[in-house]
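Visitor: Okay, so the sequence shown: first residue is 16 according to my numbering, each after it adds one.
Just so you know, even glycine gets a beta-carbon here, dropped at the ideal spot from N, CA and C.
Handing you a structure now.
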Amino acid sequence: MRILSGLTPTSAGIHLGNYFGAVRQWIALQEKNDAYYFIATYHAMTSLKDPSDLRKNQLEVALDYLALGLNPEKSTVYLQQDIPEVTELSWILSTLTPMGTLERCHAYKDKVAKGLSADHALFAYPVLMAADILIVKSEGVPVGQDQKQHVEVTRDIAMKFNQAFGEVFPLPEPLILEGAGAKVPGIDGQKMSKSYGNDIRIFDPEKKVRKQVMAIVTDTSGVDEAKEPDGNTIFELYQLCANPEQVEVMADKFRAENIGYGYGHAKQELFEALMDEFGPARKRREELAANIGDVEEILRAGAAKVRPVVEETMAAVRQATGLR
Ligand code: ADP
Ligand code: TRP
Numbered sequence: 016m017r018i019l020s021g022l023t024p025t026s027a028g029i030h031l032g033n034y035f036g037a038v039r040q041w042i043a044l045q046e047k048n049d050a051y052y053f054i055a056t057y058h059a060m061t062s063l064k065d066p067s068d069l070r071k072n073q074l075e076v077a078l079d080y081l082a083l084g085l086n087p088e089k090s091t092v093y094l095q096q097d098i099p100e101v102t103e104l105s106w107i108l109s110t111l112t113p114m115g116t117l118e119r120c121h122a123y124k125d126k127v128a129k130g131l132s133a134d135h136a137l138f139a140y141p142v143l144m145a146a147d148i149l150i151v152k153s154e155g156v157p158v159g160q161d162q163k164q165h166v167e168v169t170r171d172i173a174m175k176f177n178q179a180f181g182e183v184f185p186l187p188e189p190l191i192l193e194g195a196g197a198k199v200p201g202i203d204g205q206k207m208s209k210s211y212g213n214d215i216r217i218f219d220p221e222k223k224v225r226k227q228v229m230a231i232v233t234d235t236s237g238v239d240e241a242k243e244p245d246g247n248t249i250f251e252l253y254q255l256c257a258n259p260e261q262v263e264v265m266a267d268k269f270r271a272e273n274i275g276y277g278y279g280h281a282k283q284e285l286f287e288a289l290m291d292e293f294g295p296a297r298k299r300r301e302e303l304a305a306n307i308g309d310v311e312e313i314l315r316a317g318a319a320k321v322r323p324v325v326e327e328t329m330a331a332v333r334q335a336t337g338l339r
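This is the structure:
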């Protein structure tokens, strides 16, 4: 199956939501599929206006991808701007996209609902995302729950294109994990997101990770009171990174009375589980960061690998639409 996904380098550093919602799946899917994972730099420009940040963040995210286990021998890893044809395809697709569809998309809708003014790029962003997906003729798109709507929009646009100009694109499926990974809670209990400032970044210094874990919002139950683990942010995050026996033990301690076990203890256990889970990746990232030239080379090689796929799609699109 042809797979594509990407992440927006709005800030440096992948968080637990990105990993457990999306990147973890990407790593599994690269084994038996033709997988393409890119860094969505054009998308990041909708909110990032500082050139040095954009330059820095794209490499930071590349380091995160590789440290977590994307393997350039098994999947193709590249930067969006190395395929400038996505902007051409995006234009062509936008001629088939009703305004109403984009008005319903949540990134734009939420911003307008908050009374903030949105620019054209934020409004048009689902069309660029459709171009990212369709330019490699992806059939599966592994993402978190929040991106489902955008993949559905992509299907609609692909369908419209095929109806207007003949079958060029397969209709992609969103691949969304069941359970806690679909919507990982942040430290305030809302969806973890870098734009809400409630995220725990996997590769932040140990001290910072600890500080974020300790800042998880809880109710005021005391150490001797019984507590419900389900729906508790500490427990939900722990379920994602600890093994089943450890999870069972924590659940029992939550439910017990008079054992002097409070949220502070649970947070400490969560912190330790995170360090265990991501220790090897943190080490790998340091090694990779010391050889950043190698990372740049991997991205160049990725761009060279995706190029023929893109050229083939664009030749078909230009032919079908009458541009050529
Ligand atoms: P953010 O919301 O922090 O800006 P992105 O929009 O860049 O994150 O998301 C990148 C990928 O990570 C997407 O596939 C998205 O669905 C997934 N993702 C982000 N946050 C979460 C979360 N809290 N739970 C599950 N998946 C998430
Ligand atoms: N919009 C996605 C996000 O915010 C990132 C993205 C851009 C993407 N293009 C994509 C994801 C194509 C999957 C496929 O997370």
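1) Between Ala37 and ligand 1, is the CB less than 6 Å from at least one heavy atom?
2) Alpha carbon to alpha carbon, how far is Val232 from Gln283? Give it in angstroms, no decimals.
3) In this structure, does DSSP put Ala128 in helix, strand or coil?
4) Under three-state DSSP, which class holds Thr91?
5) Name, in chain order, the residues that DSSP records as bridge partners for Met188.
6) Identify whether Lys242 lies in helix, strand or coil by the three-state DSSP scheme.
7) Counting C-beta neighbours from all protein chains within 10 Å, is the total for Gln205 16 or more, i.e. buried, or is it exposed?
8) Please look up how many angstroms separate the CB atoms of Ile172 and Leu19, rounded, as I've assumed it's under 8 Å.
9) Under 6 Å from any heavy atom of ligand 1, does the C-beta of Gln162 make it?
10) Count the other CB atoms, across all protein chains shown, that sit within 10 Å of the CB of Pro99; report buried if there are 16 or more and exposed otherwise.
11) With DSSP run on the structure shown, which of helix, strand or coil describes Ser134?
12) Give, in chain order, every unbroken run of the alpha helix (DSSP H) that is at least 4 residues long and sits entirely within the region 248-323.
13) For Ile18, does the three-state DSSP call read helix, strand or coil?
14) According to DSSP, is Ala50 helix, strand or coil?
15) May I ask you to check if the CB of Asp147 is nearer than 6 Å to at least one heavy atom of ligand 2?
16) Within 10 angstroms of the Cβ of Lys247, are there 16 or more other Cβ atoms? Answer buried if so, exposed if not.
17) If we ignore side chains and look at the alpha-carbon of each, how far apart do Tyr123 and Tyr276 end up?
18) Could you tell me how far apart the beta carbons of Leu137 and Tyr57 are, in whole angstroms, since I believe they sit closer than 8 Å?
19) Would you mind sorting His121 into buried or exposed? The rule is 16 or more other CB atoms within 10 Å of its CB.
20) Closest to Ala77 by CA distance: which of Asp49, Val127 and Thr25 is it?
21) Which residue or residues does DSSP assign as beta-bridge partners of Lys342?
22) Can you tell me the Cβ-Cβ gap for Ala257 and Ala288, rounded? I've got them flagged as a contact below 8 Å.
23) Please report the straight-line C-alpha distance between Ala266 and Leu83, rounded to a whole angstrom.
24) Assign Met174 to one of two classes, buried (16 or more other C-beta atoms within 10 Å of its C-beta) or exposed (fewer than that).
25) Tell me which same chain residues have a C-beta within less than 6 Å of the C-beta of Arg339, skipping the five on either side of it?
Guide: Reading from the atomic positions:
1) Numbered from its first residue, the sequence shown carries residue 37 at position 22. Flag set: Cβ of Ala37 near ligand 1.
2) Here residue 283 is taken as the residue at index 268 of the sequence shown, counted from 1. Here residue 232 is taken as the residue at index 217 of the sequence shown, counted from 1. Their backbone Cα atoms lie some 14 Å apart in a straight line.
3) Indexing the sequence shown from 1 puts residue 128 at position 113. DSSP places Ala128 in helix when its eight states are reduced to three.
4) If you number the sequence shown from 1, residue 91 lands on position 76. The answer is strand: DSSP assigns Thr91 an E or B state.
5) In the sequence shown, residue 188 corresponds to position 173, counting from 1. Note that residue 188 is Glu in the sequence shown, not Met. Partner(s): Gly155.
6) Taking the first residue of the sequence shown as 1, we reach residue 242 at position 227. Shown here, Lys242 sits in coil according to DSSP, grouped into three states, outside any helix or strand.
7) Position 190 of the sequence shown, counted from the first residue, corresponds to residue 205. Exposed is the call here.
8) In the sequence shown, the residue the question calls residue 172 occupies position 157. In the sequence shown, the residue the question calls residue 19 occupies position 4. The C-beta distance from Ile172 to Leu19 rounds to 15 Å, too long to meet the 8 Å contact threshold.
9) As a working note, residue 162 is residue 147 in the sequence shown. Answer for Gln162: yes, Cβ within range of ligand 1.
10) By 1-based counting over the sequence shown, the position of residue 99 is 84. Exposed: under 16 other Cβ atoms inside 10 Å.
11) Residue mapping note: residue 134 aligns to position 119 of the sequence shown, counting from 1. First, the amino acid is wrong: residue 134 is Asp here, not Ser. In this structure, DSSP gives Asp134 a state outside helix and strand, which the three-state scheme calls coil.
12) Runs of the alpha helix (DSSP H) lying entirely within the region 248-323 and spanning at least 4 residues, in chain order: 248-256, 259-270 and 278-304.
13) Within the sequence shown, residue 18 is the residue found at index 3, counting from 1. In the three-state reduction of the DSSP assignment, Ile18 falls in the strand class, which pools E and B.
14) Here residue 50 refers to the residue found at position 35 when the sequence shown is read from its first residue. Collapsing the DSSP output to three states places Ala50 in a strand.
15) Position 132 of the sequence shown holds residue 147. The answer is yes for Asp147.
16) Residue 247 sits at position 232 when you count from the first residue of the sequence shown. For clarity, residue 247 is Asn in the given sequence; the question names Lys instead. Classification for Asn247: buried.
17) The residue given as residue 123 occupies position 108 in the sequence shown. The residue given as residue 276 occupies position 261 in the sequence shown. If you take the alpha carbons of Tyr123 and Tyr276, they lie about 44 Å apart.
18) In the sequence shown, the residue the question calls residue 137 occupies position 122. In the sequence shown, the residue the question calls residue 57 occupies position 42. The pair is not a contact, with the Cβ atoms about 12 Å apart (cut-off 8 Å).
19) Along the sequence shown, one-based indexing puts residue 121 at 106. By the neighbour-count definition (other C-beta atoms within 10 Å, threshold 16), His121 is an exposed residue.
20) For the purposes of this step, residue 77 is taken as the residue at position 62 of the sequence shown. Checking every option, the nearest Cα to that of Ala77 belongs to Thr25.
21) The structure shown does not extend to residue 342, since the chain is modelled only from 16 to 339, so the question has no answer here.
22) Position 242 of the sequence shown, counting from 1, holds the residue named residue 257. Position 273 of the sequence shown, counting from 1, holds the residue named residue 288. Yes, they are in contact, since the Cβ atoms of Ala257 and Ala288 sit about 4 Å apart, within 8 Å.
23) Here residue 266 is taken as the residue at index 251 of the sequence shown, counted from 1. Here residue 83 is taken as the residue at index 68 of the sequence shown, counted from 1. Each residue's CA atom was taken as its position, placing Ala266 and Leu83 some 28 Å apart.
24) The residue you call residue 174 lines up with position 159 of the sequence shown. Classification for Met174: exposed.
25) By 1-based counting over the sequence shown, the position of residue 339 is 324. For Arg339, same chain residues with a beta-carbon under 6 Å away, outside a window of 5 residues either side, are Arg333 in chain order.
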